[in-house]
Structure formats: C-alpha cells, structure tokens
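Written out below as structure tokens is the structure these notes cover.
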Amino acid sequence: MTGPVWESVHVFRHDDHDDLLLTQVAPLMAELVADGLVLGFFYLRYWDGGPHLRLRMRAPAARTGEVRARVTDRLGAHLRAHPSRHPMDPAGYERFAADFAAAESLSVYERHLLPPDTIRAVPYPPEHASFGHGPSLAAVERHFCASTAIALDTLRTPPSQRLSAAMTMTLATLLSLPTAPPGTPVPDRARMMMNGAPPAPSPTATSPTATSGTTSDTTSDTTSGTTSGTTSDAQQTKAAWARSRDELTAMAERLRTTDPATAPHVPVLAWLGSVRELRDRLTALQLQGAFSPAYPRPITHALNRCLHLHLNRLGTSLSQEARLRRMAALTVDSLR
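Under the working numbering, the first residue of the sequence shown is numbered 11, with each subsequent residue one higher.
Right, dumping it as structure tokens:
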C-alpha cells in the first residue's frame with residue numbers, strides 16, 4: 011500500500027502574502043485536514059517567476075488529485091475575484107531575478123515574469139543535501155509543518171511585534187545548536203549563524219516580496235533600531251546591540267532555562283521546542299549512521315537552514331535576517 015505523498019502548488023500573487031495566508035490558505039488547510047485530505051502542510055515564499063507562495067501538502071496517495079482540485083478551485087476563485095493591485099513590472103523582474111539567481115548560484119530559473127494570480131502544480135524537490143533521506147528528511151518535514159503553524163500564529167500578531175518574535179526565535183535557535191565534541195575546532199558564533207543564511211543579492215536588488223507583508227529593507231527595525239540597506243549596517247547593528255544588550259542577554263538566559271512544554275501555545279516557546287526536538291532526533295540518527303550530509307557540522311547546518319526557512323515564512327527580508335543573526339551571535343558570545 012502506498013503511503014502519503016507530497017502535493018505541491020505555487021500560488022503567484024503580487025500583493026500581500028500575509029493576507030492571503032491568513033484569510034485563504036490557513037482556513038482552507040484547516041478544512042482539508044479536518045476532511046482527512048491533508049495530513050500536514052508547510053509553505054515558503056519565493057521569487058522565481060515572480061512573488062509566490064509554495065504550498066506543500068502531505069496527502070494520501072490516492073487523493074492527491076482531490077487535494078489539488080480543492081486548492082486550485084478555492085484559491086483560484088479568490089485570485090480571480092481579487093486580482094493583484096500592484097502587478098510587478100516585467101522588466102524589473104528580469105533585472106532582480108538575474109541578481110537573485112546569481113546570489114543563489116542558480117543557472118536555471120524563470121527568465122521572464124509569470125502571470126500573477128495564477129496557480130501552478132510543481133513537484134516538491136526535497137533538500138536532500140541538507141536534510142538527508144528517509145527518517146531524517148521526515149523529521150525535518152515534521153518540523154516544517156510545526157514551523158508553519160508557528161509562523162501563522164506569529165503573523166496574526168501586530169506587524170510591530172513580528173521582528174521582535176523573529177529576534178527571539180533566532181536567538182533560541184543559536185542557543186539550541188549542538189555543542190562540538192572536545193577538541194573539535196569551533197568557528198565563532200557569528201560564523202556559525204551566518205553559515206545558514208543565503209548570500210544576499212547586491213544592494214541594488216529589490217526583493218520581490220517587498221509588498222508581501224514584509225518590512226521594507228530601508229525601514230527602521232523596531233528590534234535592533236538600525237536601518238538596513240546602508241554600507242554601515244554591520245556597525246549600526248553592533249551599536250544597536252550594545253543598546254539592547256541587557257534585554258537580549260536576559261532573554262537568552264530565560265531561553266536557556268525555560269521548558270518549552272510549559273507553554274506550547276506561545277509561538278516562541280513552540281519554536282524552541284520544535285528546534286530542540288529536531289536537534290535531538292538528528293543527533294540520534296547521526297549516531298546510528300542514518301544522517302550524514304556532507305557538511306563539517308551537519309546538524310548545525312540543518313538547524314541553520316531551518317531557521318532561514320522559518321524566517322522566510324515570517325516574511326523576514328534577507329537583510330533583516332542577517333541583522334537578527336548578528337545580534338543573536340553577539341548576545342550568545344557575551345554570555346561566555
């Protein structure tokens with residue numbers, strides 16, 4: 011008997027992705043779960059072909075066609091009734107797509123803008139290089155589903171609170187990274203944190219998700235008090251961290267000693283619990299020889315990658331992510 015499989019669709023939308031997620035995707039997924047058609051789901055935001063959401067749904071193999079039809083019909087009707095108000099400029103897409111593709115070392119990508127307010131069925135390619143196969147990949151995918159629920163809960167909070175939550179979740183991830191065995195050379199914390207972040211495109215590139223519920227890269231960050239998109243961002247981040255040092259170190263100490271099971275409904279603690287659970291599962295699989303990606307510290311790499319994908323779900327820009335990682339690294343280094 012064939013087990014569950016992943017069904018995947020890309021929903022192209024050039025307006026607020028947060029609104030689409032909260033008012034359309036989340037209620038629809040809840041219905042499909044209640045009907046036994048979806049056993050778990052996660053999403054990503056991506057730029058290739060134009061701003062879109064990638065929905066991955068785990069479904070019984072015999073019912074994937076039904077899942078695809080329900081999703082396409084429901085979301086398609088919404089997109090047709092409420093077309094994107096700010097469609098992207100095709101020439102502008104071609105410019106930034108080349109820049110983003112170069113930053114991600116992609117040779118194959120959509121050279122031209124795909125139509126907005128459309129849905130495409132596209133296979134889901136697991137990241138085997140980072141997450142392995144079999145039980146390790148299954149553990150990561152369970153974490154992706156938990157991350158999605160946490161992200162949706164966070165997106166229901168006021169926008170002014172989301173970067174603060176992202177800061178705490180970034181710090182929680184760094185504190186959860188496995189300790190190196192005695193005698194193992196350990197890179198500095200900042201390097202460990204930056205290893206999981208994708209390379210940023212050039213400063214002239216404008217993110218296609220700037221209208222998707224994210225904070226603009228040139229908007230002051232309420233968590234760090236810095237303005238991104240300038241050549242002195244690293245210095246500004248360090249100065250902002252110095253001003254917030256007491257608050258961040260106190261937060262780190264609380265995260266170190268908190269049992270996330272005491273309040274699993276709180277998004278930050280739910281994230282902490284999911285990261286620790288994934289770390290412990292991958293550690294056990296590594297000891298069994300069932301998790302061995304070609305990275306010097308494969309578990310640290312996997313957790314860093316999961317953090318990047320979680321921040322993506324929150325709508326955090328690449329420059330904001332880099333800033334959050336630097337501040338988390340400075341905070342943990344200060345605890346030594």
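Just so it is clear, CB atoms sit at the ideal spot from N, CA and C, and this is done for glycine as well.
Using beta-carbon positions only, say whether residue i and residue j come within less than 8 Å of one another.
i	j	result
L181	T310	no
G13	C155	no
G282	L258	The residue you asked about is not Gly; residue 282 is Leu in the sequence shown. Their beta carbons are not under 8 Å apart, which means L282 does not touch L258 by this criterion.
S18	L65	yes
A312	S140	yes
P61	H24	yes
I160	A280	yes
A69	V118	no
T183	L317	yes
S146	L345	no
L47	V77	yes
V21	L85	yes
Q296	P308	yes
D28	L165	yes
Within 10 angstroms of its Cβ, does residue i collect 16 or more other Cβ (buried), or is it exposed?
i	result
S115	exposed
R323	buried
R289	buried
P100	exposed
Q34	buried
Q330	buried
T178	buried
D45	exposed
H275	exposed
R172	buried
P333	The amino acid occupying residue 333 in the given sequence is Arg; Pro does not appear at that position. Flag for R333 reads buried.
A36	buried
A262	buried
By the DSSP assignment, the alpha helix (DSSP H) with residue i in it spans what residues?
i	result
H92	Per DSSP, H92 belongs to no alpha helix (DSSP H) and is neither H nor E.
L334	L328 to S344
L38	A36 to A44
Q351	Absent from the model: residue 351. The displayed extent of the chain is 11 to 346, so no value can be given.
A271	Careful: A271 lies outside any alpha helix (DSSP H) and carries neither H nor E.
Y119	Careful: Y119 lies outside any alpha helix (DSSP H) and carries neither H nor E.
H143	Counting along the chain, H143 falls outside any alpha helix (DSSP H), and DSSP gives it neither H nor E.
L30	H27 to L30
R105	P100 to A113
By DSSP's criteria, residue i is part of a beta bridge. Which residues make up the other side?
i	result
H20	R64 and R130
V15	A69
With respect to the beta strand (DSSP E) encompassing residue i, which residues constitute its N-terminal and C-terminal limits?
i	result
L321	No beta strand (DSSP E) holds L321; the alpha helix (DSSP H) holding it covers P308 to L324.
F52	G50 to Y56
Using a beta-carbon distance below 8 Å, is residue i in contact with chain C?
i	result
V15	The chain inventory of the structure shown lacks chain C, comprising one protein chain alone.
When every heavy atom of the ligand COA is checked, does at least one fall within less than 7 Å of the C-beta of residue i?
i	result
L292	Although the ligand COA was asked about, the structure shown includes no ligands whatsoever.
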